[in-house]
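A short worksheet on the structure shown next.
Residue numbers (the numbering used here): 1345 to 1412.
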């Protein structure tokens, strides 16, 4: 027999997760997350030094970014 938490977890949607995050995260936490994503995006997209590019190559693929 399933209890209610298993059923709730099975019907959890992206919208539910966004609403939970909106209710539980503070402004500074959201700002830090946005800054980290922006810094990572800048690093992955604009740093093209050959040695650094090669070291980030596998990370780009693991992040789902096609770089070639």
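Glycine included, every Cβ here is placed at the ideal spot set by N, Cα and C.
Spatial distance of residue 1386 from residue 1399 (CA atoms): Rounded to whole angstroms, residue 1386 to residue 1399 spans 15 Å at the Cα level.
Coarse secondary structure for residue 1387, derived from DSSP in three states: Note: residue 1387 maps to helix in three-state DSSP.
The alpha helix (DSSP H) enclosing residue 1365, as first and last residue numbers: Run containing residue 1365: 1358–1368, per the alpha helix (DSSP H) assignment.
Residue 1409 vs residue 1388 beta-carbon contact at 8 Å: Yes, the pair counts as a contact, with Cβ atoms nearer than the cut-off.
Length of the line joining the Cα atoms of residue 1384 and residue 1355: Distance between the alpha carbons of residue 1384 and residue 1355: 32 Å.
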